[in-house]
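Participant: Sequential numbering from 422 applies to the sequence shown in this note's numbering.
Starting off with a structure, shown below.
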Amino acid sequence: MNKIKEIIAGLSLPEDRKQYYLEKFAAEGEAPSIMQELMLEHNKWIEEELIRIGAIDPESEQYKQAKLELQADLEAALEELKTNMTEVEKSIDQIASDLNQEEDSGAASEILNKIKAE
């Protein structure tokens, strides 16, 4: 969760939206769907700000092409994130299984909770 806090703190989003995501992650965990929502909102906010200040012309072909490329990059990043999250979940499940086989289940639970907290 600490890494998530660092990432959110560094985003170009209004503070109330940063707080919203911190609370959502705290309540629901690091689900890929939340990460996707966060990425999309962050990119949309930046795009709107660039249009607002006149840095980009939303009607230009260059902008439209860049937007298509960005969408493809985001989809690829999301798939990679989903794959990584699945691997992490499998690793945690395997560790939990290994720890549950230990004689001292109290120590196993403590170790598992520390792993999940990270």
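For every residue, glycine included, the Cβ atom is placed at its ideal position computed from N, Cα and C.
Keep in mind it's a predicted model, so treat the numbers as computed, not measured.
Can you tell which of Ile474, Ala476, Glu480 and Asn423 has its C-alpha closest to the C-alpha of Gly450?
Facilitator: Asn423
Participant: From Leu491 to Leu520, what does the alpha carbon distance come to, in whole angstroms?
Facilitator: When the Cα atoms are used, Leu491 and Leu520 turn out to be separated by approximately 42 angstroms.
Participant: Would you identify the three-state DSSP class for Gln515, choosing helix, strand or coil?
Facilitator: helix
Participant: Can you list, in chain order, the residues of its chain with a C-beta nearer than 7 angstroms to that of Leu429? Leave out the 5 residues immediately preceding and following it.
Facilitator: At residue 429 the sequence reads Ile, which differs from the Leu that was named. So the qualifying residues of the chain are Lys439, Tyr442 and Leu443.
Participant: In three-state terms, what does DSSP make of Leu461?
Facilitator: helix
Participant: Who are the Cβ neighbours of Ala498 in its own chain at under 8 angstroms, not counting the five residues just before and after it?
Facilitator: Met460
Participant: Helix, strand or coil for Ala447, going by three-state DSSP, please let me know.
Facilitator: DSSP, read as helix, strand or coil, puts Ala447 in helix.
Participant: Just to confirm the assignment, what range does the alpha helix (DSSP H) spanning Glu427 have?
Facilitator: Here the alpha helix (DSSP H) through Glu427 covers Asn423 to Ala430.
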